[in-house]
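There are 2 protein chains.
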Amino acid sequence: MREDAKTPQRHADRMAKKQKIMQERIARAQNSQGVLLVLTGPGKGKSSSAFGMAARALGHDMKVGVVQFIKGAFKTGEERFFRAQPLVDYHVMGEGYTWDTQDRERDVAAAKAAWAEARRMLRDPDYKLVVLDELNIALRYEYLDLDTVLDDLQDRPEMQHVVVTGRYAPKPLIELADTVTEMKVVKHAFKDLGVKAQKGIEL
Amino acid sequence: MREDAKTPQRHADRMAKKQKIMQERIARAQNSQGVLLVLTGPGKGKSSSAFGMAARALGHDMKVGVVQFIKGAFKTGEERFFRAQPLVDYHVMGEGYTWDTQDRERDVAAAKAAWAEARRMLRDPDYKLVVLDELNIALRYEYLDLDTVLDDLQDRPEMQHVVVTGRYAPKPLIELADTVTEMKVVKHAFKDLGVKAQKGIEL
């Protein structure tokens, strides 16, 4: 590709082929339904991606629900921004990071209360997109019952989109999901180089 | 982990250890500087993630610049939403998808004009975050000179953050970047199942 990209005819041929593939792919895609997306893996960008999808949905005047399953200093920018949007219903789990609380019962109670908010959204077709941020962490620590979560996700309104984020997505959730992306770390300034977490990027 | 997560003492010990690691990591991270992030790979969520970071930055009242290096129907939600934000300066490359135009010279001219906008932002410290959406595609097709792009990125104001998205990030850009995430496809509804691209999620 790099060698012949500057030859106009070869370039035009390749682009024509690509156009045909794209058109065929779009023609084949007939189903219209709510999509369950899972964003997992250790790399940066899982929650950001979910919040970017929220922004996109707002650009289509869709009502968006957000439940953050881990509260902490790391999402203040998103929280402030999205709470100010009239079409967004934003809930944050009532307790701090689990590694700050060291109290399992309190964490379980907080996660369950957050799930009650999520369930309310998952039963209301007015919510066109529901973001369940860091839900995978609550599942990983077994703060929530996986089967209950999967049932509620599956029973949601047909046209409702859901985005679940967090490392360690459990296998049954991956199986239930329509689209799953794993974020892989290639390089990380914060970890590798000791660069302080940056407001507006990391915070 | 899954076996003993329910034993309160083991859980508390593990969380205490995690807390200590987090505190040490934060203490070590002294440098404060603009970060160059690259989001690449074939998985979903690269642009969404960049736009989520834009939302986060806006939550901190930071001025944000966006240049989209590929125009198309696929980013209408973001464009509509972010254009309405007073702190956002949003530019879209003047031509359609390259595989629709099949005219290399026109594509090169459009990419160069878009880079001129990007360069203006990269020279202005008022922009706290600059999103260069799908820049990697313009580099991949050699619509832009890689060295020029890398020089402009490196010469930007010290505290300015930049996020570059798109498949096929070139190796020299990965080397220059502080943080690089590769999005890997685990599953894709649109491609695998023939589900139509969904407004508010994919569009």
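Line by line, the protein sequences are chains A and B. Under UniProt numbering, the residues of the first sequence are numbered 1 to 203, in order. Under UniProt numbering, the residues of the second sequence are numbered 1 to 203, in order. Ideal Cβ positions, reconstructed from N, Cα and C, are used throughout, including at glycine.
field: CB contact check: residue 207 of chain A to chain B, cutoff 8 Å
entry: Lying before the first or after the last residue shown, residue 207 of chain A is absent from chain A, which here runs from 1 to 203.
So, is the C-beta of A/V180 closer than 8 Å to a C-beta in chain D?
You won't find chain D in this structure, because its protein chains are A and B.
To the nearest angstrom, how far is the alpha carbon of B/H60 from that of A/G59?
As a first step, residue 60 of chain B must be located in the second sequence, where it is residue number 60. As a first step, residue 59 of chain A must be located in the first sequence, where it is residue number 59. Going from the Cα of B/H60 to the Cα of A/G59 covers about 21 Å.
Consult DSSP for A/G34 and reduce its assignment to one of helix, strand or coil.
Within the first sequence, the letter at position 34 stands for residue 34 of chain A. Secondary structure at A/G34: coil, using DSSP grouped into helix, strand and coil.
Quick check on this structure: which residue in B/A55, B/V66, B/I70, B/A84 has the alpha carbon closest to the alpha carbon of B/R119? Here residue 119 of chain B refers to the residue found at position 119 when the second sequence is read from its first residue. It is B/V66 whose Cα lies nearest to the Cα of B/R119.
Notebook entry, point to check: Over what stretch of residues does the beta strand (DSSP E) that includes B/Q68 continue unbroken?
Noted result: Walking along the second sequence from the start, residue 68 of chain B turns up at place 68. For B/Q68, the enclosing beta strand (DSSP E) starts and ends at 63-68.
Notebook entry, point to check: What is the DSSP secondary structure of A/D133, reduced to helix, strand or coil?
Noted result: As a working mapping, residue 133 of chain A is identified with position 133 in the first sequence. In the structure shown, A/D133 sits in a strand (DSSP, three-state: E or B).
inquiry  = Strictly under 8 Å for the Cβ-Cβ distance: is B/H91 near chain A by that measure?
reply    = Counting from one through the second sequence, the residue named residue 91 of chain B turns up at place 91. No, no contact with chain A.
Whose C-beta lies closer than 6 Å to the C-beta of B/D152 among residues of the same chain, with five residues either side of it excluded? The residue you call residue 152 of chain B lines up with position 152 of the second sequence. R119, L122, listed in sequence order.
For B/M121, report the span of its alpha helix (DSSP H) as first-last.
Looking up residue 121 of chain B in the second sequence gives position 121. Looking at the DSSP string, the run of the alpha helix (DSSP H) that includes B/M121 is 104-122.
When we look at the beta-carbon of B/M159 and count the other beta-carbons within 10 Å, is it buried (16 or more) or exposed? On the second sequence, residue 159 of chain B is found 159 positions in, with the first residue counted as 1. It is exposed - the Cβ of B/M159 has fewer than 16 other Cβ atoms within 10 Å.
>> For B/P86, would you say it is in contact with chain A, using Cβ-to-Cβ distances shorter than 8 Å as the test?
In response: On the second sequence, position 86 is the one that residue 86 of chain B refers to. Answer no: the Cβ-Cβ gap between B/P86 and chain A never drops below 8 Å.
| Which residues, in chain order, does the region 48-64 of chain B contribute to contact with chain A at a C-beta distance below 8 Å? | Among the residues of the region 48-64 of chain B, those with a Cβ less than 8 Å away from any Cβ of chain A are S48, S49, A50, F51, G52, M53, A54, A55, R56, A57, L58, G59, H60, M62, in the order of the chain.
Next item on the list: Could you tell me whether any Cβ in chain A is nearer than 8 Å to the Cβ of B/R104?
Entry: Here the question's residue 104 of chain B lines up with position 104 in the second sequence. Yes, contact with chain A.
- Message: Rounding to the nearest angstrom, what Cα-Cα distance links B/G45 and A/A50 in this structure?
- Response: Stepping through the second sequence from its first residue, residue 45 of chain B is reached at position 45. Stepping through the first sequence from its first residue, residue 50 of chain A is reached at position 50. Straight-line Cα distance between these residues: approximately 8 Å.
Please compile the residues from chain A whose C-beta is within a distance smaller than 9 Å of the C-beta of B/I174. In the second sequence, counting from the first residue as 1, residue 174 of chain B sits at position 174. The contact set of B/I174 on chain A, defined by CB atoms closer than 9 Å, consists of V186, K187 in chain order.
Q. Rounded to a whole number of angstroms, what is the C-alpha to C-alpha distance between B/G41 and B/N136?
A. Here residue 41 of chain B corresponds to residue number 41 of the second sequence, with the count starting at 1. Here residue 136 of chain B corresponds to residue number 136 of the second sequence, with the count starting at 1. Looking at the two C-alpha atoms, the distance is approximately 10 Å.
Query - Extent of the continuous beta strand (DSSP E) run through A/E78 - result: To locate residue 78 of chain A, count along the first sequence from 1; it is residue 78. Per DSSP, A/E78 lies in no beta strand (DSSP E); the unbroken alpha helix (DSSP H) holding it starts and ends at 76-83.
Report task. Pick out whichever of B/A54, B/A111, B/M93, B/K171 has its Cα sitting closest to the Cα of B/L87. Result -> To locate residue 87 of chain B, count along the second sequence from 1; it is residue 87. Here the closest residue by C-alpha is B/A54.
Backbone CA spacing between A/E182 and A/L39 [nearest angstrom]
What you label residue 182 of chain A is simply residue 182 of the first sequence in a count that begins at 1. What you label residue 39 of chain A is simply residue 39 of the first sequence in a count that begins at 1. Distance between the alpha carbons of A/E182 and A/L39 is about 6 Å.
Please identify the residue among A/L37, A/A138, A/A113, A/D145 whose C-alpha is closest to the C-alpha of A/V130. Your numbering for residue 130 of chain A matches position 130 in the first sequence. Closest by alpha carbon: A/L37.
Please classify B/G94: is it buried, with 16 or more other beta-carbons within 10 angstroms of its beta-carbon, or exposed? Taking the first residue of the second sequence as position 1, residue 94 of chain B is located at position 94. With fewer than 16 neighbouring CB atoms inside 10 Å of its own CB, B/G94 falls in the exposed class.
*Closer than 8 Å to chain A by CB, B/G45*: What you label residue 45 of chain B is simply residue 45 of the second sequence in a count that begins at 1. For B/G45, the answer is yes, since a Cβ of chain A falls inside 8 Å of its Cβ.
- prompt: What did DSSP end up calling B/D152 once you bin it into helix, strand or coil?
  reply: For the purposes of this step, residue 152 of chain B is taken as the residue at position 152 of the second sequence. B/D152: helix per DSSP, three-state reduction.
Exercise. Inspect the beta-carbon positions of B/G52 and A/A57 and report whether they are closer than 8 Å.
Key: Position 52 of the second sequence, counting from 1, holds the residue named residue 52 of chain B. Position 57 of the first sequence, counting from 1, holds the residue named residue 57 of chain A. Between B/G52 and A/A57, the gap from beta carbon to beta carbon reaches 8 Å or more.
Report task. Give the single residue among B/Y143, B/T179, B/L176, B/A111 whose Cα lies nearest to the Cα of B/H91. Result -> Sequence index remark: in the second sequence, residue 91 of chain B carries index 91 (1-based). Measuring from the Cα of B/H91, the nearest candidate turns out to be B/A111.
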